[in-house]
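Participant: If you're matching them up, the sequences are chains A and G in order.
Per the numbering used here, residue 692 is the first one in the first sequence, and the count goes up by one each step.
Per the numbering used here, residue 692 is the first one in the second sequence, and the count goes up by one each step.
Ideal Cβ placement from N, Cα and C applies to all residues, glycine included.
Number of protein chains: 2
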Amino acid sequence: MMFPDTAAQNGPLNLNSKDHAQHEHSHGLFGPPGLLALPEPSSDNEGRQIPRKKQKRRLSREPGEDGDDRTREHPFIVTEPGEVARGKKNGLDYLFDLYEQCARFLDEVQQMARERGEKCPTKVTNQVFRHAKLKGASYINKPKMRHYVHCYALHCLDKDKSNFLRKQFKERGENVGAWRQACYFPLVDMARDNGWDIEGVFVRNEKLRIWYVPTKLRQLCHFEKSKDSDSCSYE
Amino acid sequence: MMFPDTAAQNGPLNLNSKDHAQHEHSHGLFGPPGLLALPEPSSDNEGRQIPRKKQKRRLSREPGEDGDDRTREHPFIVTEPGEVARGKKNGLDYLFDLYEQCARFLDEVQQMARERGEKCPTKVTNQVFRHAKLKGASYINKPKMRHYVHCYALHCLDKDKSNFLRKQFKERGENVGAWRQACYFPLVDMARDNGWDIEGVFVRNEKLRIWYVPTKLRQLCHFEKSKDSDSCSYE
DNA sequence: GTTTAATCCAATGGTTCCAA
DNA sequence: GTTTAAACCAATGGTTAGAA
Chain A
692 MMFPDTAAQN
702 GPLNLNSKDH
712 AQHEHSHGLF
722 GPPGLLALPE
732 PSSDNEGRQI
742 PRKKQKRRLS
752 REPGEDGDDR
762 TREHPFIVTE
772 PGEVARGKKN
782 GLDYLFDLYE
792 QCARFLDEVQ
802 QMARERGEKC
812 PTKVTNQVFR
822 HAKLKGASYI
832 NKPKMRHYVH
842 CYALHCLDKD
852 KSNFLRKQFK
862 ERGENVGAWR
872 QACYFPLVDM
882 ARDNGWDIEG
892 VFVRNEKLRI
902 WYVPTKLRQL
912 CHFEKSKDSD
922 SCSYE
Chain G
692 MMFPDTAAQN
702 GPLNLNSKDH
712 AQHEHSHGLF
722 GPPGLLALPE
732 PSSDNEGRQI
742 PRKKQKRRLS
752 REPGEDGDDR
762 TREHPFIVTE
772 PGEVARGKKN
782 GLDYLFDLYE
792 QCARFLDEVQ
802 QMARERGEKC
812 PTKVTNQVFR
822 HAKLKGASYI
832 NKPKMRHYVH
842 CYALHCLDKD
852 KSNFLRKQFK
862 ERGENVGAWR
872 QACYFPLVDM
882 ARDNGWDIEG
892 VFVRNEKLRI
902 WYVPTKLRQL
912 CHFEKSKDSD
922 SCSYE
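1) So is Gly891/G in contact with chain A if we call contact Cβ pairs under 8 angstroms?
2) Lys810/A touches chain G at which residues, Cβ-Cβ below 9 angstroms?
3) Taking 8 angstroms as the cut-off, decide whether the C-beta atoms of Ile831/G and Ala823/G are in contact.
4) Assign Glu791/G to one of two classes, buried (16 or more other C-beta atoms within 10 Å of its C-beta) or exposed (fewer than that).
5) Please decide whether His913/G counts as near chain A, where near means a Cβ-Cβ distance under 8 angstroms.
6) Please classify Phe662/A as buried or exposed, where buried requires at least 16 other C-beta atoms within 10 Å of its C-beta.
7) Please name the residue or residues paired with Asn866/G in a DSSP beta bridge.
8) The ligand ADP and Lys918/G: does any heavy atom of the ligand fall closer than 7 angstroms to the residue's C-beta?
9) Using a Cβ-Cβ cut-off of 6 angstroms (strictly less than) and excluding sequence neighbours within five positions of Cys874/G, which residues of its own chain qualify?
10) Can you look up Asn781/A in the DSSP assignment and give me helix, strand or coil?
11) Starting from Lys824/G and walking both ways along the alpha helix (DSSP H), at which residues does that stretch end?
12) Within a Cβ cutoff of 6 angstroms, which residues of the same chain sit near Val819/A, ignoring the five residues on either side of it in sequence?
13) Ser808/G lies in the alpha helix (DSSP H); which residues open and close that run?
14) At what residues does the alpha helix (DSSP H) containing Tyr843/A begin and finish?
15) Looking at C-alpha atoms only, which residue of Gln802/A, Glu890/A, Lys780/A, Phe787/A is the closest neighbour of His838/A?
16) Mind checking whether Arg909/A and Gly808/G have CB atoms under 8 angstroms apart?
17) Going by beta-carbon coordinates alone, are Cys847/A and Trp887/A separated by less than 8 angstroms?
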């Protein structure tokens, strides 16, 4: 059971950041200390939604609307380790750094929960994403993070293989989607080597255990496992 | 870190059972083995509700309704260890046995989940309660089990203290509610002895770690903790 | 009054569907 | 076409209001 090296890249990961990037978490342990209310719990509970009128999915911005430029994040491109994406693109070191940022946001949420005597999440939950937004990390969102978890998993579990894959896919000029798909298969191999316990593979890794195993990866493992045992039974 | 003895009582715990009681879980590993469907997951997934018209809370049974006698369970009374409740009552050994039954139902759900490559619960979840119902254990339900978890916790963590409390409250002729309230305080003491980590107290115990820490107990611990630290600061 | 358990409800994990 | 992320939705943990 080895822990992959945790040394972080120190160079700028994102040249094109819209003023966000690596803001340090210098705030102390905030929140009012006087919270003895047993019958009425703290209620200051990380901005949970006040029940509001259900809002219909907005269909394309009306041309006359006020232009607060809520542009979306630049797309990822396949970069090799250490390489910074140029143009309106983000690189994979930056992608992986977002996962480490989430880990720090989870730490903060856990601290707060413990101080308040509330139940303490062990995983990156909706609450953590909400907290990240509140702390200004508007570039972090659930669908994005869930989409690439298994890529980050490979990065955590076998950095060499991960780095090799990145170089290979960059050379071939493959797009991010192709690289992302390719990340599944080394993980399936690792699951096989661990008695198909992909859950366990995640939980045993210090950095990974805060992430839910993606459904697709679990299903892939299940599928491959049954193929394996079939080929034992017949011929 | 000690594991309290796990020897089960063998005598009948419930003389008044309406045909349920201790049915053995002799069924093997059921479910069709041919479930290779990756894109379409098994869908046989333990009877999740088909979206149905919302049903209003029924206000008192209409006198003309067909009388399928869905009577409810007999109330618990405070019994001492080994004592069987007489009359239309259930004893506390029987109550604690329900928790052990839930643990076995969780085991079954976990088995099934692993076979199907689905995510595997570590706690007694809604799914487990649903499974228990499906297996005929209609006498198990979520509100009841949640209501008495901390009583079971004391039984698991300090059987002597738990037994003593039962005898004491029985002698005094206290009702179940009073006994239940009294169970909180030894647990708060144990939390104190463990750096106020009540979550940890639960998780470190083999039988308890499948149960969520009750909100009330967590709040009580938090409250007592802050009282303790206050009395350090002033005078 | 005490005790049980159906019902409700906001917040969740997970995904779809669309905008860019 | 690819990629992003707002919005959705069924199922959850937790509780309330009520029945026995």
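Facilitator: In terms of the structure at hand:
1) Mapped onto the second sequence, residue 891/G falls at position 200. Taking a beta-carbon distance threshold of 8 angstroms, Gly891/G does not count as an interface residue toward chain A.
2) In the first sequence, residue 810/A corresponds to position 119, counting from 1. Neighbours of Lys810/A across chain G, judged by C-beta separation under 9 angstroms: Glu890, Tyr903, Val904, Thr906, Arg909.
3) Residue mapping note: residue 831/G aligns to position 140 of the second sequence, counting from 1. Residue mapping note: residue 823/G aligns to position 132 of the second sequence, counting from 1. Cβ distance < 8 angstroms, so Ile831/G and Ala823/G count as in contact.
4) Here the question's residue 791/G lines up with position 100 in the second sequence. Classification of Glu791/G: exposed, given that the 10 Å Cβ count is below 16.
5) Here residue 913/G refers to the residue found at position 222 when the second sequence is read from its first residue. By this cut-off, His913/G is an interface position.
6) Any property of residue 662/A remains undetermined from this structure, which presents chain A solely from 692 to 926.
7) As a first step, residue 866/G must be located in the second sequence, where it is residue number 175. Answer is none; Asn866/G lacks a bridge partner.
8) Among the components modelled here there is no ligand, and therefore nothing to report on the ligand ADP.
9) Numbered from 1 along the second sequence, position 183 holds the residue referred to as residue 874/G. If we look at Cys874/G and ignore the five residues flanking it on each side, its Cβ neighbours are His841, Cys842, Leu845.
10) Stepping through the first sequence from its first residue, residue 781/A is reached at position 90. It is a strand residue.
11) Position 133 of the second sequence, counting from 1, holds the residue named residue 824/G. For Lys824/G, the uninterrupted alpha helix (DSSP H) run begins and ends at 817-825, by DSSP.
12) Residue 819/A sits at position 128 when you count from the first residue of the first sequence. Within the same chain, and ignoring the five residues on either side of Val819/A in sequence, the residues whose Cβ sits closer than 6 angstroms to its Cβ are Phe796, Leu797, Val800.
13) On the second sequence, residue 808/G is found 117 positions in, with the first residue counted as 1. What sits at residue 808/G in the sequence shown is Gly, not Ser. First-last for Gly808/G: undefined, no H or E at that position.
14) Within the first sequence, the letter at position 152 stands for residue 843/A. Note, Tyr843/A: alpha helix (DSSP H), 840-848.
15) Along the first sequence, one-based indexing puts residue 838/A at 147. Per the Cα distances, Phe787/A.
16) Locating residue 909/A in the first sequence gives position 218, counting from the first residue. Locating residue 808/G in the second sequence gives position 117, counting from the first residue. Arg909/A places its beta carbon less than 8 angstroms from that of Gly808/G.
17) As a working note, residue 847/A is residue 156 in the first sequence. As a working note, residue 887/A is residue 196 in the first sequence. No, they are not a contact pair.
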